[in-house]
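Participant: Residue numbers for the sequence shown follow numbering that gives the first Met the number 0, so the first one is 0 and each next one is one higher. No residue lacks a Cβ here, since even glycine has one placed at the ideal position from N, Cα and C.
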Amino acid sequence: MTGIRGDGSRGARLPLVLATLTLLATTTVLAGCATATSGPLGAAPTESPTPTPTAACPQVEGVELPPECAPYDPDNAMAQNERYRDRVDLADESREAAEKPAQSVRAGLERLRTSGGLSVAAVEEVFADAGLTDIQTIGDERAVAFGVAAPEGGCIFGEVSADVLTVEIGGVIMDGGCLPAEGH
Numbered sequence: 000m001t002g003i004r005g006d007g008s009r010g011a012r013l014p015l016v017l018a019t020l021t022l023l024a025t026t027t028v029l030a031g032c033a034t035a036t037s038g039p040l041g042a043a044p045t046e047s048p049t050p051t052p053t054a055a056c057p058q059v060e061g062v063e064l065p066p067e068c069a070p071y072d073p074d075n076a077m078a079q080n081e082r083y084r085d086r087v088d089l090a091d092e093s094r095e096a097a098e099k100p101a102q103s104v105r106a107g108l109e110r111l112r113t114s115g116g117l118s119v120a121a122v123e124e125v126f127a128d129a130g131l132t133d134i135q136t137i138g139d140e141r142a143v144a145f146g147v148a149a150p151e152g153g154c155i156f157g158e159v160s161a162d163v164l165t166v167e168i169g170g171v172i173m174d175g176g177c178l179p180a181e182g183h
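#1: Let me know if Gly61 comes out buried or exposed under the rule of 16 or more other beta-carbons within 10 Å of its beta-carbon.
#2: Since I believe Arg112 is in contact with Leu164 (beta carbons under 8 Å), could you give me their beta-carbon distance rounded to a whole number of angstroms?
#3: Name the one or two DSSP bridge partners that Glu167 has.
#4: Is the region 129 to 138 touching the region 87 to 94 in the sense that three or more CB pairs, one from each, lie closer than 8 Å?
#5: Report yes if the C-beta distance between Ser118 and Glu140 is below 8 Å; otherwise report no.
#6: Note down the Cα distance separating Cys56 from Gly175, rounded to an integer number of angstroms.
#7: Measuring alpha carbon to alpha carbon, tell me which of Ser160, Ile155, Val159 ends up nearest Val171.
#8: Does DSSP put Met173 in a helix, a strand or coil?
Below, the structure is given as structure tokens:
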């Protein structure tokens with residue numbers, strides 16, 4: 000028998016072949032999209048984007064930095080590093096409330112300075128006599144830096160030695176408290 004099949008098997012293969020070719024073509028296009036960096040389909044890939052900086056590099060006039068560097072101004076960075084000592088603004092009402100205890104402290108420290116009995120404990124006693132507690136001090140019998148919270152916010156701070164007496168009123172320092180920590 001010469002074999003003409005009447006089951007339509009030849010016709011069933013055509014849609015299967017067409018579906019396979021369509022699937023292969025779609026996969027190839029999608030794979031191409033995954034590797035292209037940008038631009039329309041079929042266009043040549045463009046340059047890759049600028050790399051993300053991975054290091055901070057100081058700006059130096061006349062020197063071009065490599066692309067992996069994020070430039071910074073070292074002088075400005077050092078100035079910002081010292082901001083912990085800056086004082087926040089103090090409201091007028093807080094400043095006025097601190098005037099009376101500051102005058103009392105100034106008078107007591109002046110007596111202490113001229114008497115020759117300067118010590119950290121003696122400075123702390125002057126503040127206690129003025130009704131102020133939790134004083135911060137740095138020093139010894141030669142000089143004492145001090146800072147204490149004022150009655151309605153802010154600080155009374157300064158320094159006393161045999162030669163110098165300063166008593167000021169101001170806001171707290173950015174680092175917190177009334178006196179920078181020792182070693183700063």
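Facilitator: Considering the structure as presented:
#1: With fewer than 16 other Cβ atoms within 10 Å, it is exposed.
#2: Cβ atoms of Leu164 and Arg112 come within 8 Å of each other, at about 5 Å.
#3: Glu167 is bridged to Phe156.
#4: With contact defined as three or more Cβ pairs closer than 8 Å, the region 87 to 94 and the region 129 to 138 are not in contact.
#5: In this structure, Ser118 lies near Glu140, with their beta-carbon atoms less than 8 Å apart.
#6: Straight-line Cα distance between these residues: approximately 30 Å.
#7: Nearest of Ser160, Ile155, Val159 to Val171, Cα basis: Ile155.
#8: Reduced to three states, the DSSP call for Met173 is coil.
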